[in-house]
Each structure stands twice: as C-alpha cells, then as structure tokens.
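The structure appears right after this line, and notes come after that.
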C-alpha cells in the first residue's frame with residue numbers, strides 16, 4: 001500500500017497547491033488590469049484540482065476497505081499523512097507565489113495576442129519554456145509587512161477554520177465509515193455535514209471580503225501594491241487551516257458517525 005499512499009500524497013499536494021496558487025492568478029490579473037481574463041483562467045486551476053480530487057477520493061476510500069478487513073492497518077496514520085500533504089502543498093504554493101504572479105502575468109498577456117487558449121497552448125515553444133527560469137523569484141515573508149493591511153483578525157480566524165473544515169471533510173466522512181461499518185455507505189457520503197458549515201462561512205464572510213479587497217486594489221494604485229501581501233496573508237491562514245485539520249479529523253469523524261445514526 002506504500003505506492004498507493006505515495007500517489008494519494010502527490011495528488012493531495014497538487015490539489016492544495018493548485019487551489020492556493022489561484023491567488024497568484026488573481027493578483028497577476030489585478031496588476032496588469034486584466035482581472036476578468038484572470039478569473040476566467042482560474043477555471044484551469046479548478047479543473048486541475050477537481051480532476052486530481054476525482055482520482056484521490058476513491059483511492060483514499062480503499063484504505064477504509066483495507067482497514068475493515070485488517071484491524072492492524074493504521075488507517076488514522078495514513079489519513080494524517082494525507083493531511084500533511086495538504087499542508088505541504090499549501091506551503092509550496094506560498095513559496096512559488098511571486099514566481100507564479102509573473103508567469104501568470106505573461107500568460108495573460110500572451111492570451112490577449114493569441115485570442116484563445118488552444119492557440120496560446122499551441123504557440124508555446126521549447127525556448128519559451130526554458131525562459132521561465134528568468135521569472136523565478138524568492139518569496140519575502142517578513143511579519144512586519146502584514147501589520148497595516150486592514151485585514152481583521154476575525155476574517156483570518158474564519159479563513160483558518162473554513163480551510164480546516166474543507167480539508168478534513170472527505171477524510172472525516174471516510175473515517176466515520178470505518179467507525180460505523182454498518183452505516184459505511186451513508187457515512188462515506190456525508191462529508192456535506194461538515195463541509196456545509198464551511199460553505200456557509202465561506203459564502204457569508206470570506207468571498208465577499210476577498211471581492212472587496214480585490215475591487216479596492218483595482219481602483220487604488222497604492223493599495224494594489226499591497227494586495228500581494230494580503231494574498232500571502234490569506235495563503236498563510238490557509239496553511240494554518242490545513243494544520244488545524246489534523247486536530248479536527250477525529251472529532252469531525254465522530255460527529256459524522258453520530259449524525260448518520262440519527263438519519
């Protein structure tokens with residue numbers, strides 16, 4: 001099962017790195033005044049993330065089937081390793097953020113010339129791919145930079161919890177299926193009991209605030225220069241959320257196991 005775990009680890013890393021790097025795409029769009037184009041390109045990021053997730057979820061479910069047959073199988077340990085991949089993927093995205101801001105800016109500019117994504121993809125040359133090394137930048141992560149950004153502590157805390165809940169939702173439902181094998185199918189399909197809370201918080205508190213921040217940057221050149229730091233702060237809260245997910249895994253699983261017994 002080691003190779004199986006390694007593949008799931010890589011897929012989880014890709015999912016969270018891709019989702020976190022969507023901030024770099026938005027920032028690139030704001031910097032060059034092409035936010036609408038940038039938002040349309042986020043569909044590519046979502047596609048990569050969802051495709052990886054479609055493969056990852058059933059592969060993770062296989063661990064539950066193995067654990068039901070073999071009590072010695074360390075199911076909890078495997079899931080904690082998967083959650084570690086989520087944290088690692090988010091951390092990698094934070095480190096790559098300045099590099100991808102420049103790369104996405106170049107992609108957006110090229111897309112305007114090409115006129116369509118297929119034409120853009122077919123126009124890419126080996127030489128252009130080699131030149132991407134010139135866009136590599138080191139991240140600057142100084143805590144003093146984030147003191148005057150106008151982001152409330154409540155907003156950051158909510159973002160941490162939303163990320164934690166989303167990160168743990170599917171894994172908690174799968175572990176709940178192990179806890180109540182007689183209701184395994186019901187439990188494995190009950191991640192919405194957890195993710196529903198995150199969706200409400202995201203829709204009411206997070207998305208509108210991020211929209212306001214981005215819109216303000218589009219209309220204020222001074223604030224636009226600070227937007228990158230805001231996004232790094234948001235990504236940092238996402239990283240904290242993936243770490244918090246480790247602590248929420250068992251409580252969330254027991255909550256789902258309790259809830260499905262009442263259905």
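In the working numbering, the protein residues as written are 1 to 263.
Just so it is clear, CB atoms sit at the ideal spot from N, CA and C, and this is done for glycine as well.
In the DSSP assignment, the alpha helix (DSSP H) including residue i goes from what residue to what residue?
| i | result |
| --- | --- |
| residue 82 | 75-114 |
| residue 68 | 35-69 |
| residue 202 | Segment: none, residue 202 is in no alpha helix (DSSP H) and carries neither H nor E. |
| residue 156 | 153-179 |
| residue 256 | 221-262 |
| residue 30 | 2-31 |
| residue 188 | 184-188 |
Should residue i go down as buried or exposed, given a rule of 16 or more other Cβ atoms within 10 Å for buried?
| i | result |
| --- | --- |
| residue 47 | exposed |
| residue 22 | buried |
| residue 98 | buried |
| residue 256 | buried |
| residue 154 | exposed |
| residue 204 | exposed |
| residue 211 | exposed |
| residue 3 | exposed |
Can you check whether the CB of residue j is closer than 8 Å to the CB of residue i?
| i | j | result |
| --- | --- | --- |
| residue 254 | residue 179 | yes |
| residue 304 | residue 245 | Any question about residue 304 goes unanswered here, given that the chain covers just 1 to 263. |
| residue 136 | residue 248 | no |
| residue 218 | residue 94 | no |
| residue 230 | residue 165 | no |
| residue 170 | residue 191 | yes |
| residue 66 | residue 121 | no |
| residue 242 | residue 116 | no |
| residue 89 | residue 7 | no |
| residue 19 | residue 49 | yes |
| residue 174 | residue 61 | yes |
| residue 74 | residue 9 | no |
| residue 109 | residue 44 | no |
| residue 264 | residue 15 | Not covered by the structure: residue 264. The range shown for the chain is 1 to 263. |
Hey, residue i and residue j are a contact pair by Cβ (cut 8 Å); roughly how many whole angstroms apart?
| i | j | result |
| --- | --- | --- |
| residue 198 | residue 188 | That pair is no contact at about 18 Å. |
| residue 25 | residue 104 | 5 Å |
| residue 193 | residue 114 | 45 Å between Cβ atoms; not a contact. |
| residue 92 | residue 28 | Rounded, the Cβ-Cβ distance is 18 Å, inconsistent with contact. |
| residue 34 | residue 181 | That pair is no contact at about 52 Å. |
So for residue i, helix, strand or coil by DSSP?
| i | result |
| --- | --- |
| residue 144 | For residue 144, the pLDDT reaches just 49, beneath the cut-off of 50, and the residue's location in the model is therefore unreliable, although a value from the coordinates is still provided. In the structure shown, residue 144 sits in a helix (DSSP, three-state: H, G or I). |
| residue 210 | helix |
Hey, would you say the C-beta of residue i is under 7 Å away from at least one heavy atom of the ligand MN?
| i | result |
| --- | --- |
| residue 92 | By its list of ligands, the structure shown contains no ligand whatsoever, and the ligand MN lies outside what it can speak to. |
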